[in-house]
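K.L.:
77 is the number that numbering that gives the first Met the number 0 gives to position 78 of the sequence shown; each next residue is one higher, with no gaps.
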Amino acid sequence: MATKITVNGKTMVVDGNHIRVSGNQVIADGQTVSLGDGKVVAVAITIVGDVQVLDSEEADVTVQGNVGTVRSTNGNVRAGNVTGNIETRNGNVTCGHVQGDVSSRNGNVLYGGAK
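(1) Apart from the five residues just before and just after Asn91, which ones in its own chain have a Cβ nearer than 6 angstroms to its Cβ?
(2) For Asp59, which of helix, strand or coil comes out of DSSP?
(3) Is the beta carbon of Asn16 sitting closer than 8 angstroms to the one on Val50?
(4) By Cβ distance, which residues of its chain are closer than 7 angstroms to Ile26, with the 5 residues on each side in sequence left out?
(5) Rank Gln98, Val81, Val6 and Cys94 by C-alpha distance to the C-alpha of Glu57 and give the top, closest one.
Written out as structure tokens, the structure reads:
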């Protein structure tokens with residue numbers, strides 16, 4: 000299934016259900032896609048479509064669709080319905096209905112359709 004990902008304004012289409020964004024790389028189901036030359040750090044990630052797992056280190060994440068699990072070290076998370084868990088250390092979480100757990104050490108959590 001193709002998923003459209005925009006990282007810092009650069010859009011790409013990848014096939015994969017497990018997406019990881021780290022430094023200047025997007026890794027989709029184990030396949031690495033470079034974001035370009037240099038050491039660009041992702042600050043904003045938007046995914047259009049459904050994804051099973053999304054891992055991000057340092058970025059605000061928006062999933063315009065449903066997601067299984069989201070893990071973010073530093074950044075806000077915004078998503079549709081979640082079938083798994085959402086975890087962020089430093090950031091706010093806004094999402095639809097959650098079947099698992101939602102946690103943020105330093106941030107607010109709004110879920111269940113609350114906007």
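Quick reminder that beta carbons are idealized off the backbone N, C-alpha and C, glycines included. No experiment lies behind these values; they were computed from the predicted model shown.
P.N.:
Checking against the coordinates, here is how it stands:
(1) Asn75, Gly106 and Asn107
(2) strand
(3) yes
(4) Arg19
(5) Val6
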